[in-house]
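Undergrad:
Chains as they are written, first to last, in my numbering: chain A, 848 to 1223; chain B, 191 to 453.
Structure below.
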């Protein structure tokens, strides 16, 4: 499947943990703040001169140093981040914000604070349930983070300033959503690989600086017309996925990725944050209700329904559930989800992977066999 | 009409030529360093055996890990789909197929028409693959093909403590050093192999008839141990060499394509 030549602009933005747009913003006195989880609201990290950068370890070749600090049953995403951190890759960040969402992330946080002593670090405690008390709690958590950021960085993360950040966020999310919608068409106007690049770039770049590229991409994609040929329409679900090759390999076997539901994907988090009422509470509510992560309790049915509905809406022929090896959260979810989706008549392929790209031959064979098993 | 299938595996490469629903010629060779060279050699020998040239072949399908590197095929299909197709031709009542390849092992479920509807595979670790047996045969200084027959004379099979190929190898060396009869060690190796296989077969859920393909299907020790673990009789392949199942499946798919079947 051919990709639009201009997509290489996005590739360039994904080759380093801090790309040229981040460098440009830093040159203008703005401050990047790193984060690792979808429960850290990007909008809050966009207050004043701050901009959020989702931590990645692009091109990592091994985790020799991190292996000495983290056990061999820790996921390779957190280990890769620690390896990059030890090598100083994140030293120019103004700070980092974590969540205490899984033990692997906690160990990363412990080691990073111990080994690199970031000037600013904060860990958000996220409730495992939703509802009124949980929302109060999470709003309070965000308030503590906002106050701490205000004190440390001298930015205003409240009131009208935060409301303005919400409006900017919503405008950008709408631009992404419009691109994502191009996948609903038959044939889709963009490949899953292209969309993945745009999404990841949006997580690691100052959004205002990226916006012209995003708009240009959409315009060219519409002008170009449909992509293809393809054998099957695929939805990818699961945990953290910022390896660009993964979706490329799926598409090389004729499985056009038309929908996604993973931590670093688009669905359903691109919906607007309410622009009325208390901005902090609006952000808390949007985050708690839209992320749909398996770390939340008593919400399996909703998560499964979201995937089924998305597969239906985007006319996906099958779902690939991917997770990094040793991810406890998705390891458990993957089993129940696979059974539930299959019971609903949706073909499912479950794949375990490492953070860095590898095992391409096996991946190709499994994906091709999956498509063959659907009679495509 | 002549059609062909070429299965380039990690250890062996196979070529099958079929005409009128029968095998006209087949070849199994050791794979070379380059998949393209393996395919050329295997198909060249098969054509020579049949007294044909490539121009006589209406359609050829490639499979195996080297399938994308075969120059003369119309289409590359996974070994998973090809083994399923081939197994169904070899044993029409097959509903579950177990294939142990050189570097992976997989189990497939077929519907009543022989279409592959479900599969699972272990391709992350040498344990439970042909490579496991190859390593163990080398440690025992016996031919790979003899592992199965050797275990028939075992009186007290050893147990391998680890599923890991490297640690199991250390176990085997320890038993050899302690003077344990080679037959008992061979039986333990075959049981360990069967044990790993049973995990993926149970994982996919098996339905009768169960058929084994791939080179390891010729190891009577592994087949017997797996039958014991699964509690059922594995249907023996007699129509052709079970190691040819992938290439046969590829040839059958080539036949469908030649008649305008979906590609």
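Using N, Cα and C, we set each Cβ at its ideal position, and we do this for glycine too.
1. Look up residue 997/A in the DSSP assignment and say whether it is helix, strand or coil.
2. What is the residue span of the alpha helix (DSSP H) that residue 1048/A lies within?
3. Residues bridged to residue 1196/A by DSSP?
4. Can you tell me whether residue 301/B is helix, strand or coil according to DSSP?
5. Report yes if the CB atom of residue 326/B is closer than 8 Å to the CB atom of residue 359/B, and no otherwise.
6. Quick one: give me the first and last residue of the alpha helix (DSSP H) that residue 857/A is part of.
7. Rounding to the nearest angstrom, what Cα-Cα distance links residue 876/A and residue 959/A in this structure?
8. Assign residue 908/A to one of two classes, buried (16 or more other C-beta atoms within 10 Å of its C-beta) or exposed (fewer than that).
9. Among the residues of its own chain, which have a CB less than 6 Å from the CB of residue 1078/A, if the five just before and after it don't count?
10. Using C-beta distances below 8 Å, list every residue in its chain close to residue 343/B, excluding the 5 sequence neighbours before and after it, in chain order.
11. Which one of 1012/A, 955/A and 1214/A has the shortest CA to CA distance from residue 1104/A?
12. Look at the alpha carbon of residue 335/B and the alpha carbon of residue 341/B, and state the distance between them as a whole number of angstroms.
13. Assuming contact is defined by CB atoms lying nearer than 8 Å, are residue 397/B and residue 285/B in contact in what I supplied?
14. Distance, Cα to Cα, residue 408/B vs residue 414/B?
15. Starting from the Cα of residue 262/B, find the closest Cα among 193/B, 239/B and 446/B and give me that residue.
16. Taking the C-alpha atoms as reference points, what is the distance between residue 370/B and residue 915/A?
17. Okay, do the segment 271-286 of chain B and the segment 441-449 of chain B touch, 3+ Cβ pairs below 8 Å being the bar?
18. Please report the straight-line C-alpha distance between residue 304/B and residue 389/B, rounded to a whole angstrom.
19. Jot down the residue ranges of each uninterrupted beta strand (DSSP E) in the segment 209-235 of chain B, minimum 3 residues, whole runs only, in chain order.
20. Between which two residues does the alpha helix (DSSP H) containing residue 287/B stretch?
21. Please classify residue 901/A: does DSSP put it in a helix, a strand, or coil?
22. Excluding the 5 residues flanking residue 1155/A on each side, which residues of the same chain have their C-beta closer than 8 Å to its C-beta?
23. Go through the segment 1122-1185 of chain A residue by residue and report every complete run of the alpha helix (DSSP H) that reaches 4 residues or more, in order.
24. Quick one: list the residues of chain B neighbouring residue 1219/A, beta-carbon separation under 8 Å, in chain order.
25. Taking C-alpha atoms, which residue in 215/B, 229/B and 211/B lies nearest to residue 203/B?
26. Could you check the C-alpha separation between residue 1236/A and residue 1067/A for me, to the nearest Å?
27. So with CB distances below 8 Å, who are the chain B contacts of residue 1208/A?
28. Answer yes or no: do residue 1060/A and residue 856/A have a C-beta to C-beta separation smaller than 8 Å?
29. Below 8 Å on the Cβ atoms is my guess for residue 864/A versus residue 905/A; work out the distance and round it to an integer in Å.
30. In chain B, which residues lie less than 7 Å from residue 1215/A when you measure between Cβ atoms?
31. Can you give me the start and stop residues for the beta strand (DSSP E) that residue 306/B sits inside?
32. Using a C-beta to C-beta distance shorter than 8 Å, which residues of chain A count as neighbours of residue 435/B?
33. Looking at residue 945/A and residue 883/A, is the spacing between their C-beta atoms short of 8 Å?
34. For residue 1106/A, count neighbouring C-beta atoms within 10 Å of its own C-beta (all shown protein chains included) and say buried if the count is 16 or more, exposed if not.
35. Just the Cα atoms here: how many angstroms apart are residue 257/B and residue 406/B?
36. With a Cβ-Cβ cutoff of 8 Å, do residue 323/B and residue 337/B count as a contact?
TA: Result, derived from the coordinates:
1. To locate residue 997/A, count along the first chain from 1; it is residue 150. Looking at residue 997/A - three-state DSSP - the assignment turns out to be helix.
2. Here residue 1048/A refers to the residue found at position 201 of the first chain. 1039-1051 is the span of the alpha helix (DSSP H), which, as asked, contains residue 1048/A.
3. As a first step, residue 1196/A is located in the first chain; it is residue number 349 there, counting from the start. Residue 1196/A is bridged to 1167/A.
4. To locate residue 301/B, count along the second chain from 1; it is residue 111. Here residue 301/B sits in coil by DSSP.
5. In the second chain, counting from the first residue as 1, residue 326/B sits at position 136. In the second chain, counting from the first residue as 1, residue 359/B sits at position 169. In this structure, residue 359/B lies closer than 8 Å to residue 326/B by Cβ.
6. One-based indexing of the first chain puts residue 857/A at position 10. Run containing residue 857/A: 855-860, per the alpha helix (DSSP H) assignment.
7. Stepping through the first chain from its first residue, residue 876/A is reached at position 29. Stepping through the first chain from its first residue, residue 959/A is reached at position 112. Answer to the nearest angstrom: the Cα atoms are 25 Å apart.
8. For the purposes of this step, residue 908/A is taken as residue 61 along the first chain, with counting starting at 1. The residue in question, residue 908/A, is exposed, as its Cβ has fewer than 16 Cβ neighbours within 10 Å.
9. Within the first chain, residue 1078/A is the residue found at index 231, counting from 1. Once the five neighbours on either side are set aside, the close Cβ partners of residue 1078/A are 1101, 1218 and 1223.
10. The residue labelled residue 343/B in the question sits at position 153 within the second chain. The answer, listed in chain order, is 373.
11. In the first chain, the residue the question calls residue 1104/A occupies position 257. For residue 1104/A, the nearest C-alpha among the options comes from 1214/A.
12. For the purposes of this step, residue 335/B is identified with residue 145 of the second chain, where counting begins at 1. For the purposes of this step, residue 341/B is identified with residue 151 of the second chain, where counting begins at 1. Taking the straight line joining both Cα atoms gives about 11 Å.
13. Position 207 of the second chain holds residue 397/B. Position 95 of the second chain holds residue 285/B. Result yes, Cβ atoms of residue 397/B and residue 285/B sit closer than 8 Å.
14. The sequence position of residue 408/B within the second chain is 218, counting from 1. The sequence position of residue 414/B within the second chain is 224, counting from 1. Approximately 11 Å between the Cα atoms of the pair.
15. The residue labelled residue 262/B in the question sits at position 72 within the second chain. With distances taken between Cα atoms, residue 262/B lies closest to 193/B.
16. Stepping through the second chain from its first residue, residue 370/B is reached at position 180. Stepping through the first chain from its first residue, residue 915/A is reached at position 68. The straight-line gap separating the alpha-carbon atoms of residue 370/B and residue 915/A is approximately 39 Å.
17. yes
18. What you label residue 304/B is simply residue 114 of the second chain in a count that begins at 1. What you label residue 389/B is simply residue 199 of the second chain in a count that begins at 1. Their Cα atoms are separated by approximately 23 Å.
19. 212-220
20. As a working mapping, residue 287/B is identified with position 97 in the second chain. Taken as a continuous stretch (DSSP letters only), residue 287/B belongs to no alpha helix (DSSP H), being part of the beta strand (DSSP E) at 286-290.
21. Numbered from its first residue, the first chain carries residue 901/A at position 54. Residue 901/A: strand per DSSP, three-state reduction.
22. Numbered from its first residue, the first chain carries residue 1155/A at position 308. Here the set comprises 1188, 1191 and 1193.
23. 1126-1137 and 1147-1160
24. By one-based count along the first chain, residue 1219/A stands at place 372. What residue 1219/A touches in chain B: 267, 268, 270, 271 and 306.
25. Start at 1 with the first residue of the second chain, and residue 203/B comes out as number 13. The shortest Cα separation from residue 203/B among 215/B, 229/B and 211/B belongs to 229/B.
26. Nothing can be reported for residue 1236/A: it is not among the residues displayed for chain A, which extend from 848 to 1223.
27. The count along the first chain starts at 1 and reaches residue 1208/A at position 361. Per Cβ cutoff of 8 Å: 255.
28. By one-based count along the first chain, residue 1060/A stands at place 213. By one-based count along the first chain, residue 856/A stands at place 9. In this structure, residue 856/A lies closer than 8 Å to residue 1060/A by Cβ.
29. Position 17 of the first chain holds residue 864/A. Position 58 of the first chain holds residue 905/A. Confirmed, about 7 Å.
30. Numbered from 1 along the first chain, position 368 holds the residue referred to as residue 1215/A. The answer, in chain order, is 268.
31. Indexing the second chain from 1 puts residue 306/B at position 116. First-last of the beta strand (DSSP E) with residue 306/B: 306-312.
32. In the second chain, counting from the first residue as 1, residue 435/B sits at position 245. None at all; the shortest Cβ gap to chain A is about 15 Å.
33. Within the first chain, numbered from 1, the residue matching residue 883/A stands at position 36. Within the first chain, numbered from 1, the residue matching residue 945/A stands at position 98. Yes, the pair counts as a contact, with Cβ atoms nearer than the cut-off.
34. Taking the first residue of the first chain as 1, we reach residue 1106/A at position 259. By the neighbour-count rule (16 or more Cβ atoms within 10 Å), residue 1106/A is buried.
35. Along the second chain, one-based indexing puts residue 257/B at 67. Along the second chain, one-based indexing puts residue 406/B at 216. Residue 257/B and residue 406/B: Cα-Cα distance of roughly 21 Å.
36. Sequence index remark: in the second chain, residue 323/B carries index 133 (1-based). Sequence index remark: in the second chain, residue 337/B carries index 147 (1-based). Contact: yes.
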